[in-house]
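Peer 1: My questions will all concern the structure given below.
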Amino acid sequence: MHECADITLRELEEDLCYQCHNCENIGASIASGSFATAGMIVAPCSVRTMSEIASAQHRIC
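UniProt numbering puts the first residue of the sequence shown at 1, with every later residue one more than the last.
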């Protein structure tokens, strides 16, 4: 993250994040298919992670 945007993940969470969810929390509100969002940031995000999100796939974190 720092190499790409000159900001650390901690700084991103502190400055921009309204709510953070752990990828292992399957009971998180955002895990529901009906959870409404105005947008979200998945960071850091590899091409593999992005393709898994786009195709609704899952792997262990």
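Here a beta-carbon is modelled for each residue, glycine too, at the ideal position from N, C-alpha and C. Given the structure is predicted, the values throughout are model-derived calculations rather than measurements.
#1: Indicate whether Cys20 and Glu11 have their beta-carbon atoms separated by less than 8 Å.
#2: If we cut at 8 Å on Cβ distances, does Glu13 have a partner in chain C?
#3: Alpha carbon to alpha carbon, how far is Thr49 from Asp6? Give it in angstroms, no decimals.
#4: Under DSSP, the alpha helix (DSSP H) around Ser55 begins and ends at which residues?
Peer 2: Put simply:
#1: no
#2: This model lacks chain C altogether; it includes just one protein chain.
#3: 21 Å
#4: First-last for Ser55: undefined, no H or E at that position.
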